[in-house]
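Peer 1:
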Amino acid sequence: MRETDLVIVGAGAAGLSAASEAAKHGLSVTVLDDNLLPGGQYFRRLPTSYRHTKETVFDKERARADALYATTGQKGVTYLNDAVVWEAPEDGVLAFARGADSGRIRAKLTIIASGAHDRPAPFPGWTLPGVVTAGGLQNLLKGQRVIPGRRAVVAGNGPLVLLVGATLARAGAELREVVEAAPILKRLAGSIADLLAMPKIVRQAADYRLAIMKSGAKLRTGWTVIEARGANELEEVVLAPIDEAGKVNRSRSRTVKADLLVVGFGLMPSIEMVRLMDCKLEWKPLRGGWVPVRGANFETSRPGVLAVGDGAGIGGVEMALREGKLAGVIAAERLGKLSRDQAASLKAPIQSEIAKVETFRRGLERLYAMPPAFLDLLTPETIVCRCEDVTAGELRARQDAGFGSTAALKGTTRTTMGRCQGRNCLRTLLALIAQASGQPIDQVMMPRPRLPARLVTIGDLLQEELPPIEMPKDPHLPRGEQVS
Amino acid sequence: MTGFRITDGIDRGTAFQFTCDGEAVTAYPGESIAAALMAAGHRRTRVSARSQMSRGLYCGMGVCWECIMVVDGKPAVRACMTPAEPGMKVQTQHGVGPGDGA
Ligand SMILES: Cc1cc2nc3c(=O)[nH]c(=O)nc-3n(C[C@H](O)[C@H](O)[C@H](O)COP(=O)(O)OP(=O)(O)OC[C@H]3O[C@@H](n4cnc5c(N)ncnc54)[C@H](O)[C@@H]3O)c2cc1C
Ligand code: FES
Numbered sequence: 000m001r002e003t004d005l006v007i008v009g010a011g012a013a014g015l016s017a018a019s020e021a022a023k024h025g026l027s028v029t030v031l032d033d034n035l036l037p038g039g040q041y042f043r044r045l046p047t048s049y050r051h052t053k054e055t056v057f058d059k060e061r062a063r064a065d066a067l068y069a070t071t072g073q074k075g076v077t078y079l080n081d082a083v084v085w086e087a088p089e090d091g092v093l094a095f096a097r098g099a100d101s102g103r104i105r106a107k108l109t110i111i112a113s114g115a116h117d118r119p120a121p122f123p124g125w126t127l128p129g130v131v132t133a134g135g136l137q138n139l140l141k142g143q144r145v146i147p148g149r150r151a152v153v154a155g156n157g158p159l160v161l162l163v164g165a166t167l168a169r170a171g172a173e174l175r176e177v178v179e180a181a182p183i184l185k186r187l188a189g190s191i192a193d194l195l196a197m198p199k200i201v202r203q204a205a206d207y208r209l210a211i212m213k214s215g216a217k218l219r220t221g222w223t224v225i226e227a228r229g230a231n232e233l234e235e236v237v238l239a240p241i242d243e244a245g246k247v248n249r250s251r252s253r254t255v256k257a258d259l260l261v262v263g264f265g266l267m268p269s270i271e272m273v274r275l276m277d278c279k280l281e282w283k284p285l286r287g288g289w290v291p292v293r294g295a296n297f298e299t300s301r302p303g304v305l306a307v308g309d310g311a312g313i314g315g316v317e318m319a320l321r322e323g324k325l326a327g328v329i330a331a332e333r334l335g336k337l338s339r340d341q342a343a344s345l346k347a348p349i350q351s352e353i354a355k356v357e358t359f360r361r362g363l364e365r366l367y368a369m370p371p372a373f374l375d376l377l378t379p380e381t382i383v384c385r386c387e388d389v390t391a392g393e394l395r396a397r398q399d400a401g402f403g404s405t406a407a408l409k410g411t412t413r414t415t416m417g418r419c420q421g422r423n424c425l426r427t428l429l430a431l432i433a434q435a436s437g438q439p440i441d442q443v444m445m446p447r448p449r450l451p452a453r454l455v456t457i458g459d460l461l462q463e464e465l466p467p468i469e470m471p472k473d474p475h476l477p478r479g480e481q482v483s
Numbered sequence: 000m001t002g003f004r005i006t007d008g009i010d011r012g013t014a015f016q017f018t019c020d021g022e023a024v025t026a027y028p029g030e031s032i033a034a035a036l037m038a039a040g041h042r043r044t045r046v047s048a049r050s051q052m053s054r055g056l057y058c059g060m061g062v063c064w065e066c067i068m069v070v071d072g073k074p075a076v077r078a079c080m081t082p083a084e085p086g087m088k089v090q091t092q093h094g095v096g097p098g099d100g101a
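Protein sequences, first through last, are from chains Z and Y. By the count of numbering that gives the first Met the number 0, the first sequence reaches residue 483 at its end, each step adding exactly one. By the count of numbering that gives the first Met the number 0, the second sequence reaches residue 101 at its end, each step adding exactly one.
#1: Taking Cβ positions only, does residue 146 of chain Z come closer than 7 Å to chain Y?
#2: Distance cutoff 7 Å, beta carbons only. Does residue 71 of chain Y sit that close to anything in chain Z?
#3: Going by C-alpha distance, which of Z:460, Z:436 and Z:426 is nearest residue 446 of chain Z?
#4: At least one CB of chain Z closer than 7 Å to the CB of residue 3 of chain Y: is that the case?
#5: Answer yes or no: the CB of residue 144 of chain Z versus the heavy atoms of ligand 1, is any distance below 6 Å?
#6: Are the C-beta of residue 62 of chain Y and some C-beta of chain Z separated by less than 7 Å?
#7: Specify, as a first and last residue, the run of the alpha helix (DSSP H) that residue 15 of chain Z falls within.
#8: Any heavy atom of ligand 1 closer than 6 Å to the Cβ of residue 41 of chain Z?
#9: Starting from the C-beta of residue 434 of chain Z, find all residues in its chain whose C-beta is less than 8 Å away, skip the five residues before and the five after it, and write them out in chain order.
#10: Going by the CB atoms, is the gap between residue 211 of chain Z and residue 262 of chain Z shorter than 7 Å?
#11: Short of 9 Å Cβ to Cβ, which residues in the segment 369-393 of chain Z face chain Y?
#12: Would you give the residue range spanned by the beta strand (DSSP E) that residue 305 of chain Z belongs to?
#13: Taking the Cβ atom as the reference point for each residue, do residue 133 of chain Z and residue 359 of chain Z lie within a distance shorter than 7 Å?
#14: Under 7 Å between C-beta atoms, does residue 40 of chain Y make it to chain Z?
#15: Is it a yes or a no for the segment 276-284 of chain Z touching the segment 165-173 of chain Z, going by three-plus beta-carbon pairs under 8 Å?
#16: Would you kindly work out how many angstroms separate the C-alpha atoms of residue 273 of chain Z and residue 291 of chain Z, rounded to a whole number?
#17: Return the chain-ordered list of same chain residues with a C-beta closer than 7 Å to the C-beta of residue 3 of chain Y, the five sequence neighbours on each side being excluded.
#18: Give a yes or no on whether the C-beta atoms belonging to residue 145 of chain Z and residue 153 of chain Z are separated by under 7 Å.
#19: How many whole angstroms separate the CB atoms of residue 30 of chain Y and residue 85 of chain Y, which I take to be in contact at a CB cut-off of 8 Å?
#20: Between residue 56 of chain Y and ligand 2, is the CB less than 6 Å from at least one heavy atom?
#21: Measure from the C-beta of residue 45 of chain Y to each C-beta in chain Z and report whether the shortest distance is under 7 Å.
#22: Suppose you measure from the CA of residue 83 of chain Z to the CA of residue 338 of chain Z; what does that come to, to the nearest Å?
#23: Establish whether the CB of residue 116 of chain Z and some CB of chain Y are separated by less than 7 Å.
#24: Roughly how far, in whole angstroms, is the beta-carbon of residue 117 of chain Z from the beta-carbon of residue 266 of chain Z, given that I think they are within contact range, below 8 Å?
#25: Which whole runs of the beta strand (DSSP E) in the segment 107-184 of chain Z are 3 residues long or more, in chain order?
#26: Report whether the distance from the Cβ of residue 64 of chain Y to the nearest heavy atom of ligand 2 is below 6 Å.
#27: Hey, could you find the ends of the alpha helix (DSSP H) residue 208 of chain Z is sitting in?
#28: Please check if any C-beta of chain Z sits within less than 7 Å of the C-beta of residue 9 of chain Y.
#29: Could you tell me if the beta carbon of residue 189 of chain Z falls within a distance shorter than 6 Å of some heavy atom in ligand 2?
#30: Under 8 Å by Cβ, that's how I've got residue 105 of chain Z and residue 91 of chain Z pegged, so tell me the actual separation to the nearest angstrom.
#31: Helix, strand or coil for residue 266 of chain Z, going by three-state DSSP, please let me know.
#32: Less than 7 Å separating the beta-carbons of residue 222 of chain Z and residue 209 of chain Z?
#33: Considering residue 347 of chain Z, what are the terminal residues of the alpha helix (DSSP H) in which it resides?
#34: Determine whether the Cβ of residue 25 of chain Y lies closer than 7 Å to any Cβ atom of chain Z.
#35: Would you decide whether residue 108 of chain Z is buried or exposed? Buried here means 16 or more other CB atoms lie within 10 Å of its CB.
#36: If we cut at 7 Å on Cβ distances, does residue 9 of chain Z have a partner in chain Y?
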């Protein structure tokens with residue numbers, strides 16, 4: 000079994016910052032990530048064989064990105080790419096699948112920096128090719144410099160909406176409409192004081208807005224997507240006004256021809272590892288839903304397991320970078336590489352920056368807050384579970400027939416049991432149950448966490464070298480007992 | 000209706016070809032199968048098993064499994080996470096395999 004002082008799950012902004020800081024103070028650090036290249040989502044990297052011939056508007060983050068990528072070669076850091084962490088078999092041990100190199104790793108401390116994914120927002124037609132998530136669009140831009148369509152509409156709720164609109168405008172797509180569900184222009188005055196804690200981000204947002212306006216696209220606030228249509232691919236998008244109570248006004252709907260619809264209704268933390276490790280969770284809707292409960296030093300309810308970055312609650316890249324760095328200091332202190340005083344003086348400046356990001360987040364959350372009204376958009380034919388093709392109508396029929404619990408709906412329809420492991424449907428399923436039962440969503444039972452945390456192949460697992468199994472002499476006796 | 004590559008500021012190296020459902024598709028070293036297909040205007044990656052619905056790239060980060068295709072005979076390969084290679088044979092996935100190509 001591999002051994003390391005500190006193991007980190009995730010080579011994104013948070014994980015790599017933590018690794019860099021911890022290794023600087025003398026810890027041996029191993030970073031595991033399931034992508035081929037380091038960087039996570041925000042710092043997704045172009046293929047290493049691509050050459051930059053000049054700086055463009057898409058290269059603004061190159062310096063920070065290169066510094067993060069360099070962490071993978073830093074002294075004391077072992078970076079394992081293409082490694083899926085799928086289980087925590089015992090305290091301090093993680094199991095990972097990595098082809099012929101699959102195995103286990105034992106560490107004195109564990110940091111989960113697992114990041115996030117787009118929150119599913121089902122509406123009729125959301126499964127058509129040509130409908131992609133905001134995160135997915137940004138990933139294609141950053142990792143591939145490819146735009147997956149030409150005539151584009153962006154719809155959603157949250158800061159990624161403006162960002163994606165600007166991306167498409169700058170890339171030269173025919174951007175038609177950018178619609179943000181929350182009435183952010185009306186609310187701006189009430190949020191701006193907090194937002195200005197991060198003036199750079201406010202300036203960026205203003206630039207995004209300008210890029211969208213200059214492209215000739217319509218930017219609407221208080222509007223949302225209600226339907227996507229097309230035979231085998233996206234052909235048109237239906238948009239409608241939505242009020243602050245979440246009510247859609249269909250009588251004022253507009254239909255727009257488009258071959259690309261980017262939807263971004265916020266992100267959800269990837270909590271599969273902390274769930275497997277039995278860490279206590281709490282419901283924080285403004286941070287993306289279920290998040291691990293953390294103590295002052297980012298420690299979860301499981302001693303020796305820390306959680307940072309978007310995986311511990313959506314905070315954005317600026318938060319992830321700083322939480323990661325702070326976690327690196329915390330780890331070095333806990334494992335005796337820094338005295339209390341040394342650690343305290345390193346922590347103080349990071350903590351004051353985190354406080355600023357927190358203030359900014361509060362402003363952002365007030366600006367974008369939306370009531371959860373997605374269920375009103377579901378028709379009986381709307382797919383809820385993409386993997387198993389389960390519709391809202393099927394689920395509601397089971398609920399009406401008295402099979403309304405999480406377990407019953409799952410067992411009778413296979414919702415949440417497909418390849419995505421519930422990432423695209425569990426949230427909707429919980430919301431449907433909450434609606435029918437009148438319970439608050441955080442009271443609805445979650446399905447039990449199951450192995451593997453992320454999909455792995457049996458072939459990979461068979462590569463793992465395990466200690467030989469001791470067979471009893473008499474196979475009818477329990478293991479360890481001898482025939483007398 | 001098609002997607003496109005942003006070429007400004009990037010030298011991708013030397014292009015090569017692979018096939019998707021028998022048709023030639025251009026790609027660059029390191030480019031994902033999904034990116035090359037998007038740029039070629041091929042957006043349906045699979046047809047779902049139960050309802051025969053067309054699906055394509057959705058999350059772009061490896062967690063939704065909507066972009067799975069049959070690659071060199073191996074089903075359920077995520078096109079968004081897998082680099083294209085010269086001569087690769089990619090097929091639309093129908094249910095759990097290549098189906099009849101219809
Ligand atoms: C698809 C996507 C695109 C985004 N694009 C932008 C953007 O352009 N601009 C912006 O401001 N914000 C963007 N965000 C928000 C972004 O998540 C954060 O700003 C930032 O990336 C958070 O950093 P992080 O280190 O917490 O997580 P991430 O950067 O997500 O890194 C987490 C890493 O952990 C890996 N991982 C998780 N679980 C496992 C496991 N079990 N085994 C192995 N590896 C694992 C993930 O694959 C990932 O590489 C995006 C979010 C998503 C989901
Ligand atoms: S698009 Fe989601 S896994 Fe590839």
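Every residue gets a Cβ at the ideal spot worked out from N, C-alpha and C, and that includes glycine.
Peer 2: In brief:
#1: yes
#2: no
#3: Z:426
#4: yes
#5: no
#6: yes
#7: 12-23
#8: yes
#9: 374
#10: no
#11: 382, 385, 386, 387, 388, 389 and 390
#12: 304-306
#13: no
#14: no
#15: no
#16: 7 Å
#17: 38
#18: no
#19: Going by Cβ atoms, the distance from residue 30 of chain Y to residue 85 of chain Y rounds to 11 Å, so no, they are not a contact pair.
#20: yes
#21: no
#22: 34 Å
#23: yes
#24: 6 Å
#25: 115-117, 130-132, 150-155 and 173-179
#26: yes
#27: 198-213
#28: yes
#29: no
#30: 6 Å
#31: strand
#32: no
#33: 339-367
#34: no
#35: buried
#36: no
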